[in-house]
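Reading the sequence shown from the start, the letters are residues 5 to 411 in the UniProt record's numbering. Even for Gly, the Cβ is constructed at its ideal location relative to N, Cα and C. Read through the structure below, which is laid out as structure tokens, and then see the notes.
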Amino acid sequence: LLNNIELLPPDALFGIKQRYGQDQRTTKVDLGIGAYRDDNGKPWVLPSVKAAEKLIHSDNSYNHEYLGITGLPTLTSNAAKIIFGTQSAALQEDRVISVQSLSGTGALHISAKFFSKFLSGRLVYLSKPTWANHMAIFENQGLKTTTYPYWANETKSLDLDGFLGTVKSAPEGSIFVLHSCAHNPTGLDPTNEQWVQIVDAIASKNHIALFDTAYQGFATGDLDKDAYAVRLGVDRLATVSPVFICQSFAKNAGMYGERVGCLHLALTKQAQNQSVKPAVTSQLAKIIRSEVSNPPAYGAKIVAKLLETPELTEQWHKDMVTMSSRITKMRHALRDHLVKLGTPGNWDHIVNQCGMFSFTGLSPQMVQRLEEIHAVYLVASGRASIAGLNQGNVEYVAKAIDEVVRF
Ligand code: PMP
């Protein structure tokens, strides 16, 4: 019965993780997966998260009961505040729906399911390039995806004209998936002025914006600055179309495997005071109920505690600065070593890009040689997770890059 099922190749990113794990060389460096590492190359449990966990366990009423279908209200409401901002008109006008999801991927999945049920036939536009999983998440729900220009390889900068051109020529009411900040894989974000042009172009065609927010706090270390694009979009599209926000706490709270996230939907002003909010909420709840019954509680309780306890929130902000500033330091160290070595090419893009990743410009052949000869692992596209660099390995990595570039 199952004889004709096609064998698929292993997932590219998790394949790297596996090969890295099996590599016996002591000099090996993992620049593949987007997970933060400390200066000793170890996973980092944020001090604020440790403190929140302790608080939860010290509570006598602590238990492992089911959450409600749409998740833990103290998580979803506080999570909404950090992405929309406390002054948000959408929140004040009570036109935001927030439900808990299985991290950012789960929020994208619920959105995709919702689009396929209620907005089918609309094209989903993804940046070129984008996170490897985006296309599969939407296409698995029967949606058609296509791309909008984003990265201009020649200049290692944003192809704004191409981007705007596609927004303007896309069929009215299409869905645009936007990276709120710290674009994966390029590490290149539009400037604030460019965002205004992008959002206004989206509004002019009545498109739907979906902001994928997996790295709030990772671009600048500041939650508010990193929410600029989302808040602009929610504000300027308020009379045009609903805005979807897929929020992950995997990176900024280091909760990767606990799967903590939210889907927020900002309804239009016209939908205020109507039956839209309860109707849409009920449909989202139906999707969640039929798929996961109710979302996971443990990580949600930790992040909720983080967000509702002022001292912990303060520590969390410091923890995000710790992570983002170490990554920035490593960007500079890598660029400086390459310059010192006289490695052919210009490496300034490494320091100009932000977030966890750098789109290095290394070719797939160079990446392959890095792995085979130097035990330095990164994605074939040349995307390097800068979080994998530390004082102890950055010079080694620079020398390895130098060798493969000259080879
Ligand atoms: N979107 C983007 C752009 C990402 O890079 C990631 C994580 N790599 C996600 C969403 C989802 O991550 P998670 O499901 O772990 O929150």
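Exercise. Find the nearest neighbour of L59 within the set K309, D163, Q145 and I291, judged by alpha-carbon distance.
Key: Residue numbering aside, residue 59 sits at position 55 when the sequence shown is read from its first letter. Looking at the Cα atoms, K309 is the closest of the given residues.
Quiz item: Going by the C-beta, is Y260 closer than 7 Å to any heavy atom of the ligand PMP?
Solution: The count along the sequence shown starts at 1 and reaches residue 260 at position 256. Indeed, a heavy atom of the ligand PMP lies less than 7 Å from the Cβ.
Self-check item: A257 beta carbon near the ligand PMP (any heavy atom closer than 7 Å)
Solution: Sequence index remark: in the sequence shown, residue 257 carries index 253 (1-based). A257: no, Cβ never under 7 Å from the ligand PMP.
Practice problem: Note down, one range per segment and in chain order, each beta strand (DSSP E) of at least 3 residues found wholly within the segment 344-403. | Solution: 361-363 and 387-389
Quiz item: For G237, which of helix, strand or coil comes out of DSSP?
Solution: To locate residue 237, count along the sequence shown from 1; it is residue 233. Helix at G237.
Quiz item: Taking the alpha helix (DSSP H) that G19 falls in, what are its first and last residues?
Solution: Counting from one through the sequence shown, the residue named residue 19 turns up at place 15. Counting along the chain, the alpha helix (DSSP H) containing G19 begins and ends at A16 to Q26.
Exercise. For R335, count neighbouring C-beta atoms within 10 Å of its own C-beta (all shown protein chains included) and say buried if the count is 16 or more, exposed if not.
Key: Residue 335 sits at position 331 when you count from the first residue of the sequence shown. By the neighbour-count rule (16 or more Cβ atoms within 10 Å), R335 is buried.
Quiz item: Comparing the CB of T109 with every heavy atom of the ligand PMP, is any distance shorter than 7 Å?
Solution: As a first step, residue 109 must be located in the sequence shown, where it is residue number 105. Yes.
Quiz item: Just to check, is the beta-carbon of N67 closer than 7 Å to a non-hydrogen atom of the ligand PMP?
Solution: Sequence index remark: in the sequence shown, residue 67 carries index 63 (1-based). No, the beta carbon of N67 sits no closer than 7 Å to any heavy atom of the ligand PMP.
Practice problem: Can you grab the Cα-Cα spacing for the pair G108 / F253, in whole Å? | Solution: Within the sequence shown, residue 108 is the residue found at index 104, counting from 1. Within the sequence shown, residue 253 is the residue found at index 249, counting from 1. If I take the Cα positions, the gap works out to 8 Å.
Quiz item: Just the Cα atoms here: how many angstroms apart are E315 and A304?
Solution: The sequence position of residue 315 within the sequence shown is 311, counting from 1. The sequence position of residue 304 within the sequence shown is 300, counting from 1. Approximately 18 Å between the Cα atoms of the pair.
Quiz prompt | Start and end residues, beta strand (DSSP E) containing A55 | solution = Numbered from 1 along the sequence shown, position 51 holds the residue referred to as residue 55. Element bounds for A55: not the beta strand (DSSP E) but the alpha helix (DSSP H), P51 to H61.
Exercise. Could you tell me whether the segment 342-362 touches the segment 176-188, using the rule of 3 or more Cβ pairs below 8 Å?
Key: yes
Quiz item: Can you list the alpha helix (DSSP H) stretches of 4 or more residues lying completely in the segment 114-173, in chain order?
Solution: 138-143 and 164-173
Quiz item: To which residues does DSSP link D216 through a beta bridge?
Solution: Sequence index remark: in the sequence shown, residue 216 carries index 212 (1-based). Answer by DSSP bridge pairing, in chain order: H183 and C250.
Quiz prompt | C-alpha gap between I306 and E57, whole angstroms | solution = As a first step, residue 306 is located in the sequence shown; it is residue number 302 there, counting from the start. As a first step, residue 57 is located in the sequence shown; it is residue number 53 there, counting from the start. Taking the straight line from one Cα to the other gives about 6 Å.
Practice problem: Mind reading off the beta-carbon distance from K172 to K209? Whole number of angstroms is fine, and I expect it under 8 Å. | Solution: Within the sequence shown, numbered from 1, the residue matching residue 172 stands at position 168. Within the sequence shown, numbered from 1, the residue matching residue 209 stands at position 205. That pair is a contact at about 7 Å.
Self-check item: Where the beta strand (DSSP E) containing residue 1 begins and where it ends
Solution: Look at the range of the chain in this structure, 5 to 411, and you will see that residue 1 is not part of it.
Self-check item: Same chain only: Cβ atoms within 6 Å of K227, ignoring 5 sequence neighbours per side
Solution: By 1-based counting over the sequence shown, the position of residue 227 is 223. First, the residue type needs correcting, since residue 227 is Leu and not Lys in the sequence shown. Result list for L227: I86, Q220 and G221, in chain order.
Exercise. Could you have a look at V33 and say whether DSSP puts it in helix, strand or coil?
Key: Residue mapping note: residue 33 aligns to position 29 of the sequence shown, counting from 1. The answer is strand: DSSP assigns V33 an E or B state.
Self-check item: Boundaries (first-last residue) of the alpha helix (DSSP H) holding L79
Solution: Locating residue 79 in the sequence shown gives position 75, where the first residue counts as 1. Note, L79: alpha helix (DSSP H), P77 to F88.
Practice problem: Have a look at the DSSP bridge pairing and note the partners of Q104. | Solution: Within the sequence shown, numbered from 1, the residue matching residue 104 stands at position 100. In DSSP, Q104 forms a bridge with C266.
Quiz item: Between which two residues does the alpha helix (DSSP H) carrying H40 extend?
Solution: By one-based count along the sequence shown, residue 40 stands at place 36. Reading off the sequence, residue 40 comes out as Tyr, not His. It is not in any alpha helix (DSSP H) - Y40 carries neither H nor E in the DSSP assignment.
Quiz item: Any heavy atom of the ligand FMN closer than 7 Å to the Cβ of W135?
Solution: Although the ligand FMN was asked about, the structure shown includes only the ligand PMP as ligands.
Exercise. Would you give the residue range spanned by the alpha helix (DSSP H) that P282 belongs to?
Key: The residue given as residue 282 occupies position 278 in the sequence shown. Its alpha helix (DSSP H) spans residues V280 to E295.
Quiz item: Any heavy atom of the ligand PMP closer than 7 Å to the CB of H113?
Solution: Taking the first residue of the sequence shown as position 1, residue 113 is located at position 109. Every heavy atom of the ligand PMP is 7 Å or more from the Cβ of H113, so no.
Exercise. Give the DSSP-derived three-state secondary structure of P47 in the structure shown.
Key: Counting from one through the sequence shown, the residue named residue 47 turns up at place 43. Correct three-state label for P47: strand.
Exercise. Would you kindly check if the distance between the Cβ of L342 and the Cβ of A402 is under 8 Å?
Key: Here residue 402 refers to the residue found at position 398 when the sequence shown is read from its first residue. Here residue 342 refers to the residue found at position 338 when the sequence shown is read from its first residue. Going by C-beta atoms, A402 is nearer than 8 Å to L342.
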